[in-house]
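These notes concern the structure reproduced below.
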Amino acid sequence: MVKARKLGHVVINVSDLDASIDFYQTAIGAEVVSRSREGKLAFLSLGEQHHDIGLVQRATGPAPDATQTGLVHMAWQLGDYAELQAAYKELTDAGIAAEPIQHNVTNSLYLHDPDGNTLEIYVDRWGEEGIDVMRNNGPQRRALNIDTGEAVGETQEVLQAR
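Numbered per numbering that gives the first Met the number 0, the sequence shown finishes at 161, counting up by one with no gaps.
This is the structure:
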């Protein structure tokens with residue numbers, strides 16, 4: 000059986016390479032490490048590997064629809080809750096809408112790149128115990144008060160069951 004160690008990188012088709020580069024630099028602190036001479040391809044790194052994201056300017060269709068088959072979102076981990084709070088402020092100050100959400104295993108921000116792709120920026124809530132929490136409780140989703148770190152209201156699953 001093949002056993003991958005980790006996700007190495009993602010490559011995304013984009014409609015505007017420069018706008019996408021600006022977004023990923025602001026949203027997750029990625030740095031351009033390589034760009035093609037033709038200006039249609041860029042590789043960005045978070046600093047620990049040669050590249051984490053590839054951006055290819057060739058998309059011409061509409062933004063992805065949440066009901067279509069395909070990637071739902073990309074998730075990028077931060078170190079601690081203070082970093083998540085700082086990211087929220089930095090993103091909103093830059094005009095990027097970020098929705099704070101608490102899952103049973105993470106505190107997260109959800110945002111969209113210029114082409115409508117969804118990103119999650121998160122911090123773990125349980126560390127190594129997270130696997131057991133997920134197994135025993137299943138996925139949960141609540142609004143998150145970014146100032147206090149507390150969940151607000153009922154889970155999406157409870158609300159949808161009504």
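Backbone N, C-alpha and C define an ideal beta-carbon position, used for all residues, glycine too.
Check	Outcome
Spatially closest choice to Asp112 from Asn136, Pro138, Arg141 and Asp17, by CA coordinates	Asp17
Distance, Ala26 Cα to Leu45 Cα	11 angstroms
6 angstroms CB neighbourhood of Ala107 in its chain, flanking five on each side removed	Looking at the sequence itself, residue 107 is Ser, so the reference to Ala does not match. The residues are Ile100, Glu119 and Tyr121.
Residue environment, Arg36, which counts as buried when at least 16 other CB atoms sit within 10 Å	exposed
Local Cβ density within 10 Å of Thr147, reported as buried at 16 or more and exposed below that	exposed
Spatial neighbours of Arg161 in its chain, beta-carbon cut-off 8 angstroms, leaving aside the 5 residues before and after	For Arg161, the predicted structure reports a pLDDT of 45, less than 50, and the residue's modelled location is therefore unreliable. A value from the coordinates is still provided. Result list for Arg161: empty, nothing under 8 angstroms.
Segment contact flag, the stretch 49-68 with the stretch 121-130, C-beta cutoff 8 angstroms, min 3 pairs	no
Spatial distance of Glu128 from Ala41 (CA atoms)	37 angstroms
Nearest to His8 (by Cα), restricted to the options Ala65, Ala74, Leu83 and Asp15	Ala74
Identity of the residue in Val13, Asp92 and Tyr87 nearest Leu143 by Cα	Tyr87
Beta carbon of Leu54 nearer than 8 angstroms to that of Leu43	yes
Segment limits, beta strand (DSSP E) that includes Asp123	Thr117 to Asp123
Alpha carbon of Gln24 to alpha carbon of Gln67, nearest angstrom	27 angstroms
Check: Thr25 C-beta below 7 angstroms from any heavy atom of the ligand NAP	Within the structure as shown, the ligand NAP is missing, as the structure has no ligands at all.
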